[in-house]
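Participant:
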Amino acid sequence: MYDPKLLAARFPGDFTFGVATAAFQIEGASRADGRKPSIWDAFCNMPGRVYNRQNGDVACDHYNRLDEDLDLIKSMGVKAYRFSIAWPRIIPDGTGPVNEAGLDFYDRLVDGCKARGIKTFATLYHWDLPLTLMGDGGWTARSTAYAYQRYAQTVMRRLGDRLDSVATFNEPWCIVWLSHLYGIHAPGERNMQAALYAMHTMNLAHGLAVEAVRSEAPNVPVGLVLNAMSVIPGSQSEADLAAGERAHQFHNGAFFDPVFKGEYPPEFVAALGDRMPMVEDGDLKIISQKLDWWGLNYYTPLRVGDDPARSGDFPWTLEAPRVSDVKTDIGWEVYAPGLKNVVEDLYRRYELPECYITENGACYNMGIVNAEVDDQPRLDYYSDHLAVVADLIKDGYPMRGYFAWSLMDNFEWAEGYKMRFGLVHVDYETQVRTVKKSGKWYRELASQFPKGNHKTT
Ligand code: IFM
Numbered sequence: 050m051y052d053p054k055l056l057a058a059r060f061p062g063d064f065t066f067g068v069a070t071a072a073f074q075i076e077g078a079s080r081a082d083g084r085k086p087s088i089w090d091a092f093c094n095m096p097g098r099v100y101n102r103q104n105g106d107v108a109c110d111h112y113n114r115l116d117e118d119l120d121l122i123k124s125m126g127v128k129a130y131r132f133s134i135a136w137p138r139i140i141p142d143g144t145g146p147v148n149e150a151g152l153d154f155y156d157r158l159v160d161g162c163k164a165r166g167i168k169t170f171a172t173l174y175h176w177d178l179p180l181t182l183m184g185d186g187g188w189t190a191r192s193t194a195y196a197y198q199r200y201a202q203t204v205m206r207r208l209g210d211r212l213d214s215v216a217t218f219n220e221p222w223c224i225v226w227l228s229h230l231y232g233i234h235a236p237g238e239r240n241m242q243a244a245l246y247a248m249h250t251m252n253l254a255h256g257l258a259v260e261a262v263r264s265e266a267p268n269v270p271v272g273l274v275l276n277a278m279s280v281i282p283g284s285q286s287e288a289d290l291a292a293g294e295r296a297h298q299f300h301n302g303a304f305f306d307p308v309f310k311g312e313y314p315p316e317f318v319a320a321l322g323d324r325m326p327m328v329e330d331g332d333l334k335i336i337s338q339k340l341d342w343w344g345l346n347y348y349t350p351l352r353v354g355d356d357p358a359r360s361g362d363f364p365w366t367l368e369a370p371r372v373s374d375v376k377t378d379i380g381w382e383v384y385a386p387g388l389k390n391v392v393e394d395l396y397r398r399y400e401l402p403e404c405y406i407t408e409n410g411a412c413y414n415m416g417i418v419n420a421e422v423d424d425q426p427r428l429d430y431y432s433d434h435l436a437v438v439a440d441l442i443k444d445g446y447p448m449r450g451y452f453a454w455s456l457m458d459n460f461e462w463a464e465g466y467k468m469r470f471g472l473v474h475v476d477y478e479t480q481v482r483t484v485k486k487s488g489k490w491y492r493e494l495a496s497q498f499p500k501g502n503h504k505t506t
C-alpha cells in the first residue's frame, strides 16, 4: 500500500479524481414519477437470472436520498462524479412522450453537484433500455439507434448547459457480447447473429448520439466508455499470439475499429460478416466521428490461448492459466500490470484522444465490525492500480482522470447485492452508509486535488 500523499505527488495538479455509479444500480424508485420498466426490471423478474431474484426496486434508494448522497460524495474529497441517466425515466417507452419529472431529477442531481463544486460526468446509457423497445427487437433493431439519438438530444437540450462531460455508452462489450451472446445480462440472448446486430446498432447509436450532443451542447466534451480487454496471450508461441490478435479483434476491435478507424476488423469480418446486418452507406462515417475523450474501465486481464479444435465461433480461443491466484471475491484475477498493458496496446493500435479511467475497483464483501469496514485488500488494489496510472502519465500517456468504482455498494447485476464494490458500505436493511477503510484512504488522496503544481514529481 502506498502512502496517499506520496502517491498524490505522482499526479499532475489538475488530474481529476472522482467516484462512479450507474442509475439502475443505485437509484431504486423504479416506479416513481413516471419511470417505466427497463429490460433489467424484466430480467430481474425472471427466475434464475439474478442472484436470489433480487432487483432494482429499492437498490440504494438514491432517488430519495439524493442530497445526502451528494453530501457523501463531497465528503469523499473527490472533485467529479460519474453517474448515468436512466432512459426509462426520460422517455419511458423509448419513443413517444418525454417525462419532465424524470428530467427534473437529473436537473436536481446536476445542480446539486454544481452547488458542491463537483464536476458532472454523465453517461447516457448504462444498460437500462426501456422495455417497450424490446417489442421491436431492442438493440438488434436499427430503429433503436434513432430512438436513442432522440433520447440523447432530449437530455442534452435540458442538461447540456451544466454537464462537464458526457459519454454515449458504458461498456459496449457488455451491451453486445455479455447480453446477446453469453446471455448473462439482459436481455439474456445467446445468439451470435443477434449479438452482431446489436453490435452494429449500438455502434451506430453511438455515432448518432455524438451528433446529437454536438448539435445541442457543442461545448460539452463527448466520449465513449469501453471496458477494453487487456488481452494477454498464454505463451509467446505463434498460435497463442495469433489467438491474442483474434481475441483483440473480437473483444475490443468490434468497437474500437469502427469508432477510431471507420471499419470493422478484417479477420472478424471474414469469419462473422455473413451474419452481420447490412452496414449502410454513411454508417461508418457517423460512427467514426472524432471524440474528445475516451474512458477505460479496467478490472482484470483476459488471458487467452489458441483453441486448435476451432470449436464454436471466432475468435477460437481458450482461457489461459493465471499467473497468480490473487483474486477478488467475485473471482477476478488481480493484476495491475494488465492496466498498463491495455493502455499501451490501444495507443499503439489507434489514434486515441485523452483518456479517463472511468472505472477501476475491486469486489470484497467484508462487512461492518465495531463500526468499521476493514477492506485492506481493496485499498491495496486501488493503491497498486493508481501507481500504474502514475507510471502511464510518466511515460507520456494522456491520462486525465480516475473514477473509483464504486462510490458505494450497489446492485451488481446478475450477482444482485451479494457482491460489493463500494468505497462506502451500504446496509440494505437500513440504508445506512459507512465509509470503508479504502474510502478513507481514497479521500486522503483525492482531497489533495486540484493542487497548484500541474507537473508530476
Ligand atoms: O458494476 C459494474 C458496472 O456497472 C460496469 N462495470 C463493471 C462493474 C463491476 O462489475
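Here this note's numbering is used: the first residue of the sequence shown is 50, the next is one more, and so on. In this text, a Cβ means the ideal position worked out from N, Cα and C, and glycines have one as well.
For Asp63, which option in Tyr313, Ile442, Tyr155 and Pro426 has the closest C-alpha, if you only look at C-alpha atoms?
Facilitator: Counting from one through the sequence shown, the residue named residue 63 turns up at place 14. Comparing Cα-Cα distances from Asp63 to each of Tyr313, Ile442, Tyr155 and Pro426, the minimum goes to Ile442.
Participant: Say the cut is 7 Å; is the CB of Leu220 nearer than that to a heavy atom of ligand 1?
Facilitator: Position 171 of the sequence shown, counted from the first residue, corresponds to residue 220. Here the sequence assigns Glu to residue 220, which means Leu is not the residue at that position. Yes, Cβ of Glu220 sits closer than 7 Å to a heavy atom of ligand 1.
Participant: Would you check whether ligand 1 has a heavy atom nearer than 7 Å to the C-beta of Trp454?
Facilitator: Position 405 of the sequence shown holds residue 454. Answer for Trp454: yes, Cβ within range of ligand 1.
Participant: Going by beta-carbon coordinates alone, are Phe170 and Ala129 separated by less than 8 Å?
Facilitator: Within the sequence shown, the letter at position 121 stands for residue 170. Within the sequence shown, the letter at position 80 stands for residue 129. Cβ atoms of Phe170 and Ala129: closer than 8 Å.
Participant: For Arg352, does the three-state DSSP call read helix, strand or coil?
Facilitator: Here the question's residue 352 lines up with position 303 in the sequence shown. Strand.
Participant: Are at least three pairs of beta-carbons, each pair with one atom in the segment 384–395 and one in the segment 253–262, less than 8 Å apart?
Facilitator: Contact fails: fewer than three Cβ-Cβ distances are below 8 Å.
Participant: Check this for me: beta carbons of Met519 and Val225, under 8 Å apart or not?
Facilitator: In the structure displayed, the chain extends from 50 to 506; residue 519 sits before or after that span and is not available.
Participant: Name, in chain order, the residues that DSSP records as bridge partners for Tyr446.
Facilitator: If you number the sequence shown from 1, residue 446 lands on position 397. None, per the DSSP bridge assignment.
Participant: Could you check whether the Cβ of Glu461 sits closer than 7 Å to any heavy atom belonging to ligand 1?
Facilitator: Position 412 of the sequence shown, counted from the first residue, corresponds to residue 461. Checking the Cβ of Glu461 against ligand 1 gives yes.
Participant: Rounded to whole angstroms, what is the Cα-Cα separation between Trp188 and Tyr246?
Facilitator: For this step, residue 188 is matched to residue 139 along the sequence shown. For this step, residue 246 is matched to residue 197 along the sequence shown. Those two C-alpha atoms are separated by around 7 Å.
Participant: Return the chain-ordered list of same chain residues with a C-beta closer than 6 Å to the C-beta of Arg138, the five sequence neighbours on each side being excluded.
Facilitator: Within the sequence shown, the letter at position 89 stands for residue 138. The answer, listed in chain order, is Arg84 and Gly151.
Participant: Give the range of the alpha helix (DSSP H) segment to which Gly264 is assigned.
Facilitator: For this step, residue 264 is matched to residue 215 along the sequence shown. Contrary to the premise, residue 264 reads as Ser rather than Gly in this sequence. Met241 to Glu265 is the extent of the alpha helix (DSSP H) around Ser264.
Participant: What is the C-beta distance between Thr144 and Asn219, in whole angstroms, given that I count them as a contact (C-beta under 8 Å)?
Facilitator: Here residue 144 refers to the residue found at position 95 of the sequence shown. Here residue 219 refers to the residue found at position 170 of the sequence shown. Not quite, the Cβ-Cβ distance comes to about 22 Å (not below 8 Å), so this is no contact.
Participant: In three-state terms, what does DSSP make of Thr189?
Facilitator: Within the sequence shown, the letter at position 140 stands for residue 189. In the structure shown, Thr189 sits in a helix (DSSP, three-state: H, G or I).
Participant: In terms of residue numbering, what span does the alpha helix (DSSP H) encompassing Ile224 cover?
Facilitator: Numbered from its first residue, the sequence shown carries residue 224 at position 175. Here Ile224 belongs to no alpha helix (DSSP H), and DSSP marks it neither H nor E.
Participant: Use the C-beta contact count for Pro315: other C-beta atoms within 10 angstroms, 16 or more gives buried, fewer gives exposed.
Facilitator: To locate residue 315, count along the sequence shown from 1; it is residue 266. Exposed, since its Cβ has fewer than 16 Cβ neighbours within 10 Å.
Participant: To test your reading of the DSSP string, which unbroken beta strand (DSSP E) runs of 3 or more residues are found completely within the segment 355–409?
Facilitator: Counting whole runs of 3 or more residues, the segment 355–409 contains the beta strand (DSSP E) stretches 366–368 and 403–408.
Participant: Which partner residues of Gly67 appear in the DSSP bridge assignment?
Facilitator: Translated into positions along the sequence shown, residue 67 becomes position 18. Bridge partners of Gly67: Ala129 and Phe452.
Participant: Tell me the DSSP secondary structure of Arg102 in three-state form.
Facilitator: In the sequence shown, counting from the first residue as 1, residue 102 sits at position 53. In the structure shown, Arg102 sits in a helix (DSSP, three-state: H, G or I).
Participant: Taking the continuous alpha helix (DSSP H) assigned at Lys486, which residues delimit it?
Facilitator: Counting from 1 along the sequence shown, the entry for residue 486 is found at position 437. Lys486 to Ala495 is the span of the alpha helix (DSSP H), which, as asked, contains Lys486.
Participant: In the DSSP assignment, find the unbroken beta strand (DSSP E) run with Lys168 in it and report its ends.
Facilitator: Within the sequence shown, the letter at position 119 stands for residue 168. Its beta strand (DSSP E) spans residues Lys168 to Thr172.
Participant: Can you tell me whether Trp381 is buried or exposed? The criterion is at least 16 other CB atoms within 10 Å of its CB, across all chains shown.
Facilitator: For the purposes of this step, residue 381 is identified with residue 332 of the sequence shown, where counting begins at 1. Exposed, because fewer than 16 other Cβ atoms sit within 10 Å of the Cβ of Trp381.
Participant: Look at the alpha carbon of Pro563 and the alpha carbon of Pro61, and state the distance between them as a whole number of angstroms.
Facilitator: No answer is possible for residue 563: the residues shown for the chain start at 50 and end at 506.
Participant: Tell me the start and end of each unbroken beta strand (DSSP E) in the segment 289–350 that is at least 3 residues and wholly inside, in chain order.
Facilitator: You should have 342–346.
Participant: Could you round the C-beta distance between Ser214 and Pro267 to whole angstroms and report it? I think they count as a contact, below 8 Å.
Facilitator: The residue labelled residue 214 in the question sits at position 165 within the sequence shown. The residue labelled residue 267 in the question sits at position 218 within the sequence shown. Contact doesn't hold; Cβ gap of about 14 Å is too wide.
Participant: Which value, in whole angstroms, describes the spacing of the CA atoms of Pro141 and Ser87?
Facilitator: Counting from 1 along the sequence shown, the entry for residue 141 is found at position 92. Counting from 1 along the sequence shown, the entry for residue 87 is found at position 38. The straight-line gap from Cα to Cα measures roughly 8 Å.
Participant: So does Phe498 have its beta carbon nearer than 7 Å to some heavy atom of ligand 1?
Facilitator: Within the sequence shown, the letter at position 449 stands for residue 498. Every heavy atom of ligand 1 is 7 Å or more from the Cβ of Phe498, so no.
Participant: With DSSP collapsed to three states, give me the class of Arg84.
Facilitator: For the purposes of this step, residue 84 is taken as the residue at position 35 of the sequence shown. In the structure shown, Arg84 sits in coil (DSSP, three-state: anything other than H, G, I, E or B).
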